[in-house]
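Take the sequence shown: its letters are residues 8 to 341, numbered as in the numbering used here.
Since the structure comes first, as structure tokens, the remarks are kept for the end.
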Amino acid sequence: MATATENREPQNTVSPKIEKRTFHRVRFVVNPRSGLLQWKKPILKIINDFVAERGMDWDIIMTTGPGHGRELAAEAREQNYDLVVAVGGDGTVNECGSALVGSETCLGIIPMGSGNGLARGLHIPMGIRRPLGLLDSGVVRKIDAGRIEDAHFFVTAGIGFDAELGDEFNRSKVRGPVPYFFLGVKRFFVYEPQRVVLHLPDGDVERRVLLVTVANMKQYGAGAIIAPKARPDDGMFDICVIRELGILPAVVYLPRLFTGNIDKAPFVELYRASSLVIEREREGVFHCDGEAFHGGKRLKVDILPNSLNVLVSPESFWLERSAAYESAEVSMTE
């Protein structure tokens, strides 16, 4: 494994930027197509009862298609809502968060997807009632936002196998981790790796790759950890390059995605930078938080430090710190 730095200390020395807020005006942006929202009637009743008991000014609006979540969140931002709560999966969260970048309006999350990358990365609880409870007990944390071309991301972005897999999966009618896994196996045998050049501040890196992931947080979602030491508020990306590989090493090392040490695999390289340009052989798909976009051969990626306010649990910082030190201890013993 190659890396741009040999520092083995946990990268959690930056104190999180947090504050306590009281929310008076709240918008819930609900994606009715999210998997868990098949029980949307009781879920909406729980939300309505919760905010009504607290005398908040609120509305609940269902999205009607791609991009609508961004429009609803942008409208709430312009109308000075205190909080926009994304009720759905990673796509809904990304749309709402993208509209709130650079504003004081806070993003809340009720995770209803199969991946829930940002929620898991910030230790936001799963379910309905516990995330709702953060309107009372939570704190607001500032995190970085990534930008690739004109699209924002908060967890990961990238090109290659995972981007094309995500694009195909999003266009299918099935949902859930099991169909995703089997589609990934099928796609692996037909995917054609490509040569890329990463233009980094410290120099260029040229490789033939399976994928390149630019990580603002350590995991994709659903527990798959692609960049174990990434932090969402340090002003830096962790860039994971997985070189072209065969089926046998893929099978052998796949479990490391879920044990937090994929960075020790011999075909993985890690770099850190606040900006980069990805130059690839062919135009095509790139992803932001699992959502597919189409772009050219040259993609510019940069970071917007502390540009998104997110409602999280006060305990999330202890959980994150503990995980960072556990990762560091593993690194130092290997």
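Just so it is clear, CB atoms sit at the ideal spot from N, CA and C, and this is done for glycine as well.
Every value quoted in this text rests on a predicted model; they were computed, and no experiment measured them.
Quick check on the DSSP output: the beta strand (DSSP E) that includes residue i runs from which residue to which?
i	result
GLY228	226 to 228
ASP174	From DSSP, ASP174 is part of no beta strand (DSSP E) but of the alpha helix (DSSP H) over 168 to 178.
GLY76	Taken as a continuous stretch (DSSP letters only), GLY76 belongs to no beta strand (DSSP E), being part of the alpha helix (DSSP H) at 75 to 85.
GLY210	210 to 222
HIS206	201 to 207
ASP66	64 to 69
GLY115	113 to 118
VAL181	It is not in any beta strand (DSSP E) - VAL181 carries neither H nor E in the DSSP assignment.
ARG34	32 to 37
Considering only the beta carbon of each residue, do residue i and residue j sit closer than 8 Å?
i	j	result
ILE246	LEU205	yes
PHE265	GLY291	no
VAL197	VAL216	no
ALA299	GLY173	yes
LEU90	CYS113	yes
VAL36	VAL108	no
LEU218	PHE293	no
ASP56	ARG32	no
PRO239	ILE155	no
ARG34	ALA83	yes
LEU139	ILE54	yes
GLY267	ILE232	yes
VAL255	PHE274	Sequence inspection shows Leu at residue 255; the Val mentioned does not correspond to that position. Not in contact: LEU255 and PHE274 (Cβ atoms no closer than 8 Å).
GLY242	ILE135	no
Which stretch, first to last residue, makes up the alpha helix (DSSP H) that contains residue i?
i	result
ILE1	The first residue shown for the chain is 8 and the last is 341, placing residue 1 beyond what the model contains.
LEU129	Careful: LEU129 lies outside any alpha helix (DSSP H) and carries neither H nor E.
VAL100	97 to 107
PRO138	136 to 144
ARG263	263 to 266
Check the DSSP bridge columns for residue i and list the partner residues they point to.
i	result
GLY278	Checking the sequence shown, residue 278 turns out to be Tyr, not Gly. Answer is ILE246, bridged to TYR278.
LYS149	ASN316
PHE195	Bridge partners of PHE195: none, in fact.
ALA231	GLY228
ALA299	HIS294
LYS307	VAL284
HIS159	ARG154
GLY165	THR220 and HIS294
ALA59	Paired residues: none, contrary to the question.
ILE25	ARG148
LEU90	VAL33 and CYS113
Since residue i and residue j are thought to touch, with beta carbons under 8 Å apart, how far apart are those beta carbons, to the nearest angstrom?
i	j	result
SER105	ARG77	6 Å
PHE161	LEU315	7 Å
ARG214	ARG178	So it is not a contact: roughly 28 Å between Cβ atoms.
VAL221	GLY165	6 Å
ARG305	GLU286	5 Å
LYS27	ASN313	About 17 Å; that fails the 8 Å criterion.
ALA280	PRO208	6 Å
GLU276	VAL248	4 Å
Cutting at 6 Å between CB atoms, please list the residues of its own chain near residue i, excluding the five before and the five after it.
i	result
ALA126	ILE116 and PRO118
LYS307	VAL284
GLU102	GLY76 and ARG77
SER323	LEU129 and HIS130
ALA158	CYS295 and PHE300
PRO186	none
ALA170	VAL292, PHE293 and HIS294
LEU79	VAL36 and ILE68
GLY302	GLU156 and PHE293
ALA9	For ALA9, the predicted model reports a pLDDT of 49, less than 50, meaning its position is unreliable and no value from the coordinates is stated.
MET224	GLY128, VAL162, ALA237 and PRO239
ARG194	LEU172
What does a CB cutoff of less than 8 Å around residue i pick up in its chain, not counting 5 residues either side in sequence?
i	result
VAL288	According to the sequence provided, residue 288 is Glu. The question's Val does not apply to it. Answer for GLU288: GLN201, ARG202, VAL203 and LYS304, listed in chain order.
ASP97	GLY120, GLY122, ASN123, GLY124, LEU125, VAL162, GLY228, ASP296, GLY297 and GLU298
ASP211	VAL204 and LEU205
ASP143	ARG61
TYR88	ARG32, VAL33, ARG34 and THR112
LEU51	VAL37 and ILE67
SER41	VAL94, GLY95, GLY96, THR99, MET119 and GLY120
Which same chain residues end up closer than 7 Å to residue i when comparing Cβ atoms and leaving out the 5 residues on each side of it in sequence?
i	result
VAL146	ILE25, GLU26, LYS27, VAL319 and PRO321
GLU341	Residue placement at GLU341 is flagged as unreliable, the pLDDT there being 39, under the threshold of 50; the coordinate-derived value follows with that caveat. Once the five neighbours on either side are set aside, the close Cβ partners of GLU341 are LYS271.
PHE30	MET63, ASP89, LEU90 and LEU142
I'd like to know if residue i contacts chain B, where contact means its C-beta is closer than 8 Å to some C-beta of that chain.
i	result
GLY115	The structure shown contains no chain B; it holds only a single protein chain.
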